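Numbering (this note's numbering), first residue to last: 4 to 133.
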């Protein structure tokens, strides 16, 4: 039996507004999310082809979309915090890594992002604080 399994979401374009920009200042056009969720391998290697035996990520993706659209964010950090808290509400998730990036950064080029890794103990602390 494997000892580790993940659900991975890559390059998810979020419809969000982050930051405050002057009228002549270019605002990022794209906000992309990568999310790696550690889950119990028993939710991946299943004997019966039935949603009751797996981690259903669709509700989490819908919640992330709702959070991203939930008004204006001053910082990427706040959006990341809210997404991590949403992940913490799912007991099947045992750890996670999140990477949120925006672009362009300068002269219509580049991406700038933040990465956060939350281990099991960190996720437990977040759950307790909710």
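From the three backbone atoms N, C-alpha and C, an ideal C-beta is built for every residue, glycine too. Fair warning: this is a prediction, and the values are worked out from it, not measured in the lab.
Query, Result
"Extent of the continuous beta strand (DSSP E) run through residue 38", "33-42"
"Pair within 9 Å by beta-carbon distance, residue 37 and residue 103", "yes"
"When 55, 76, 68 are compared against residue 18, the one with the closest alpha-carbon", "68"
"Closest by C-alpha distance to residue 90, when choosing among 52, 73, 61", "61"
"Under the three-state DSSP convention, the category residue 87 falls into", "helix"
"Contact under 9 Å by Cβ, residue 24 with residue 40", "no"
"Residues that residue 101 bridges to, as DSSP identifies them", "38, 119"
"Counted within 10 angstroms of its Cβ, other Cβ atoms place residue 34 as buried (16 or more) or exposed", "buried"
"Whole-angstrom distance between residue 95 and residue 45, CA atom to CA atom", "10 Å"
"Alpha-carbon spacing of residue 31 relative to residue 63, whole angstroms", "25 Å"
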